[in-house]
Amino acid sequence: MSNLTVHPPRPAPARPPERGSGKKAGRTRAAREAPREFRSLVSPHTLNTPRGRLVYRITLTLVVAIFTAVFVFPLYWMVTGALKTPEELAQIPPSFFPGSFDFGVYAEAWDQLDLGLFLTNTVVYAGGAWLFTLAIDVSAAYALSKLRPVLGNVVLALMLATLMIPPMVILLPAYLTVKDMPIFGWDLLNTPWVIWLPAAANGFFIFLLKRFFDSIPRELLEAAQIDGASPARILWSIVLPVSRPILGVVSILSVVNVWKDFVWPLLVLPDGDKMTISVGIASLSAQMPQNVLIASLVIASIPTMVVFFIFQRSIMAGLTAGSLKG
Numbered sequence: 001m002s003n004l005t006v007h008p009p010r011p012a013p014a015r016p017p018e019r020g021s022g023k024k025a026g027r028t029r030a031a032r033e034a035p036r037e038f039r040s041l042v043s044p045h046t047l048n049t050p051r052g053r054l055v056y057r058i059t060l061t062l063v064v065a066i067f068t069a070v071f072v073f074p075l076y077w078m079v080t081g082a083l084k085t086p087e088e089l090a091q092i093p094p095s096f097f098p099g100s101f102d103f104g105v106y107a108e109a110w111d112q113l114d115l116g117l118f119l120t121n122t123v124v125y126a127g128g129a130w131l132f133t134l135a136i137d138v139s140a141a142y143a144l145s146k147l148r149p150v151l152g153n154v155v156l157a158l159m160l161a162t163l164m165i166p167p168m169v170i171l172l173p174a175y176l177t178v179k180d181m182p183i184f185g186w187d188l189l190n191t192p193w194v195i196w197l198p199a200a201a202n203g204f205f206i207f208l209l210k211r212f213f214d215s216i217p218r219e220l221l222e223a224a225q226i227d228g229a230s231p232a233r234i235l236w237s238i239v240l241p242v243s244r245p246i247l248g249v250v251s252i253l254s255v256v257n258v259w260k261d262f263v264w265p266l267l268v269l270p271d272g273d274k275m276t277i278s279v280g281i282a283s284l285s286a287q288m289p290q291n292v293l294i295a296s297l298v299i300a301s302i303p304t305m306v307v308f309f310i311f312q313r314s315i316m317a318g319l320t321a322g323s324l325k326g
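Residue 51 in full-length UniProt numbering sits at position 51 of the sequence shown, with consecutive numbering throughout.
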């Protein structure tokens, strides 16, 4: 038999010492081994228990119900207020439910206040303002974002500076401008142009659109340029289709701004046949019973609700517009 050589076992490699002093190293190991602490009002362990889930659901339901009531109650009060008689509206304390549900008051408000004419005027003003806003502000934002003109940043800064001026301060200069149009000498009073042109000159909309256009990858536009697309074709075929969220937000804001405006239409549309619905209702409010007046307000608010429901999907998408690239 051959001789077998037995080698002694090799010693284990020495473990590197912990950094710092022994006490500090011990505290570090204890911190790693200790269970994680949740610094919140209610820990996840408590929420996982049956009682915790029950309390959570009850709290969530109460919070949602309270916030819903806060926002819906004014609408409910307006709708039911139109169904009440003038005596019910004047009584103290007020009643939360009308004595009878007579919807004929809405037809009476439509006939007595001539709401058909005022609604038609307002739809024309709001629709034209919407079209001019998209045409002018989208073009300006696209030029500032992708075409990069000379002194583009200066032009954008001047547009944003207009947002710092209170609207009442520029009310008189704007009135004098539309009364006697510079260079052309046109009088735009009692014409739709007096609503359309000021509504389209909105620095805030241009800023929103520019921020969204900045998030569009430039490689996409360069690929279209290589294929021979002009800047106008790129805007129409590439930029606008991917910009639907921000276009929906701008559409809602532009229509609502014209619909709810009161001071400017009162100043520049003095003709009774050209008034908007807000000015028309205010001018006839002294001659109408209170329930008829409230019914007219309900009718006046319906178109803006319809616009909101049409573009509601664009609101949440527009809130994050321009936050991501690629």
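All C-beta atoms, glycine included, are put in the ideal place defined by N, C-alpha and C. No experiment lies behind these values; they were computed from the predicted model shown.
Cα-Cα separation, residue 189 to residue 88 = If you number the sequence shown from 1, residue 189 lands on position 189. If you number the sequence shown from 1, residue 88 lands on position 88. Distance between the alpha carbons of residue 189 and residue 88: 42 Å.
Helix, strand or coil: how does DSSP classify residue 31 here?
-> Position 31 of the sequence shown, counted from the start, is the residue given in the question as residue 31. In this prediction, residue 31 has a pLDDT of 47, which is less than 50 and means its spatial position is unreliable; what the coordinates show is noted afterwards. In the structure shown, residue 31 sits in a helix (DSSP, three-state: H, G or I).
What's the gap between the Cα of residue 204 and the Cα of residue 236?
-> For the purposes of this step, residue 204 is identified with residue 204 of the sequence shown, where counting begins at 1. For the purposes of this step, residue 236 is identified with residue 236 of the sequence shown, where counting begins at 1. C-alpha separation (whole angstroms): 22 Å.
Which listed residue (144, 164, 165) has its alpha carbon closest to that of residue 155 = For the purposes of this step, residue 155 is taken as residue 155 along the sequence shown, with counting starting at 1. When only C-alpha atoms are compared, the closest one is 144.
Is the region 291–299 touching the region 94–111 in the sense that three or more CB pairs, one from each, lie closer than 8 Å?
-> yes
Give me the Cβ distance between residue 122 and residue 304, rounded to the nearest whole Å; I'm assuming they're in contact under 8 Å.
-> Residue mapping note: residue 122 aligns to position 122 of the sequence shown, counting from 1. Residue mapping note: residue 304 aligns to position 304 of the sequence shown, counting from 1. In fact, because the Cβ distance is near 10 Å, the residues do not count as touching under 8 Å.
If residue 239 and residue 142 are in contact, beta carbons under 8 Å, what's the gap, nearest whole angstrom?
-> Residue mapping note: residue 239 aligns to position 239 of the sequence shown, counting from 1. Residue mapping note: residue 142 aligns to position 142 of the sequence shown, counting from 1. Contact between residue 239 and residue 142 holds, with the beta-carbon distance rounding to 6 Å and staying under 8 Å.
Since residue 178 and residue 268 are thought to touch, with beta carbons under 8 Å apart, how far apart are those beta carbons, to the nearest angstrom?
-> The sequence position of residue 178 within the sequence shown is 178, counting from 1. The sequence position of residue 268 within the sequence shown is 268, counting from 1. Yes, residue 178 and residue 268 are in contact; Cβ-Cβ is about 6 Å, under 8 Å.
Expressed to the nearest angstrom, what Euclidean distance is found between the alpha-carbon atoms of residue 25 and residue 49?
-> Position 25 of the sequence shown, counted from the start, is the residue given in the question as residue 25. Position 49 of the sequence shown, counted from the start, is the residue given in the question as residue 49. Residue confidence for residue 25 is low, a pLDDT of 49 falling below 50, so the modelled location carries little weight and cannot support an answer.
Using the Cα positions of residue 56 and residue 76, report the straight-line distance between them to the nearest angstrom.
-> Mapped onto the sequence shown, residue 56 falls at position 56. Mapped onto the sequence shown, residue 76 falls at position 76. Rounded to whole angstroms, residue 56 to residue 76 spans 29 Å at the Cα level.
Would you call the region 186–200 and the region 277–289 touching, i.e. three or more CB-CB distances under 8 Å?
-> In this structure the region 186–200 does not touch the region 277–289; the number of beta carbon pairs closer than 8 Å is below three.
For residue 326, is the classification buried or exposed, using 16 other Cβ atoms within 10 angstroms of its Cβ as the cut-off for buried?
-> In the sequence shown, the residue the question calls residue 326 occupies position 326. Reliability fails at residue 326, whose pLDDT of 43 lies under 50, so the model's placement of it is uncertain and the value that follows must be treated cautiously. Label assigned to residue 326: exposed.
Taking the Cβ atom as the reference point for each residue, do residue 133 and residue 230 lie within a distance shorter than 7 Å?
-> The residue labelled residue 133 in the question sits at position 133 within the sequence shown. The residue labelled residue 230 in the question sits at position 230 within the sequence shown. Contact: no.
Under the three-state DSSP convention, the category residue 169 falls into | Here residue 169 is taken as the residue at index 169 of the sequence shown, counted from 1. Coil at residue 169, not helix or strand.
Output the boundary residues of the alpha helix (DSSP H) element that contains residue 283.
-> Your numbering for residue 283 matches position 283 in the sequence shown. For residue 283, the enclosing alpha helix (DSSP H) covers residues 277–284.
Residue ranges of each alpha helix (DSSP H) within the region 73–138, 4 or longer = 86–90, 104–112
Tell me, to the nearest whole angstrom, how far the beta carbon of residue 252 is from that of residue 307; I am working on the premise that it is less than 8 Å.
-> In the sequence shown, residue 252 corresponds to position 252, counting from 1. In the sequence shown, residue 307 corresponds to position 307, counting from 1. 6 Å between Cβ atoms; contact.
Reference residue 214, options 228, 99, 243, closest by Cα | In the sequence shown, the residue the question calls residue 214 occupies position 214. Comparing Cα positions, the closest option is 243.
Which residues in the same chain as residue 221 place their Cβ atom closer than 7 Å to its Cβ, once the five residues preceding and following it in sequence are excluded?
-> Residue mapping note: residue 221 aligns to position 221 of the sequence shown, counting from 1. Result list for residue 221: 146, 234, 238, in chain order.
To the nearest angstrom, report how far apart residue 91 and residue 58 are at their CA atoms.
-> Along the sequence shown, one-based indexing puts residue 91 at 91. Along the sequence shown, one-based indexing puts residue 58 at 58. Between the alpha carbons of residue 91 and residue 58 lies a gap of roughly 36 Å.
Three-state secondary structure (DSSP) of residue 270 | For this step, residue 270 is matched to residue 270 along the sequence shown. Here residue 270 sits in coil by DSSP.
When the Cα atoms are used, what is the spatial distance from residue 104 to residue 310?
-> The count along the sequence shown starts at 1 and reaches residue 104 at position 104. The count along the sequence shown starts at 1 and reaches residue 310 at position 310. Residue 104 and residue 310: Cα-Cα distance of roughly 28 Å.
Would you decide whether residue 291 is buried or exposed? Buried here means 16 or more other CB atoms lie within 10 Å of its CB.
-> Against the sequence shown, residue 291 aligns to sequence position 291. So residue 291 counts as buried.
In this structure, does DSSP put residue 216 in helix, strand or coil?
-> Working through the sequence shown from its first residue, we reach residue 216 at position 216. If DSSP states are grouped into helix, strand and coil, residue 216 belongs with coil.
With a threshold of 16 other CB atoms inside 10 Å of the CB of residue 163, please say whether the residue is buried or exposed.
-> On the sequence shown, residue 163 is found 163 positions in, with the first residue counted as 1. With fewer than 16 Cβ atoms within 10 Å of its Cβ, residue 163 is classed as exposed.
Could you tell me the boundaries of the alpha helix (DSSP H) in which residue 160 lies?
-> As a first step, residue 160 is located in the sequence shown; it is residue number 160 there, counting from the start. Counting along the chain, the alpha helix (DSSP H) containing residue 160 begins and ends at 152–161.
From residue 165 to residue 65, what does the alpha carbon distance come to, in whole angstroms?
-> Here residue 165 is taken as the residue at index 165 of the sequence shown, counted from 1. Here residue 65 is taken as the residue at index 65 of the sequence shown, counted from 1. About 39 Å.
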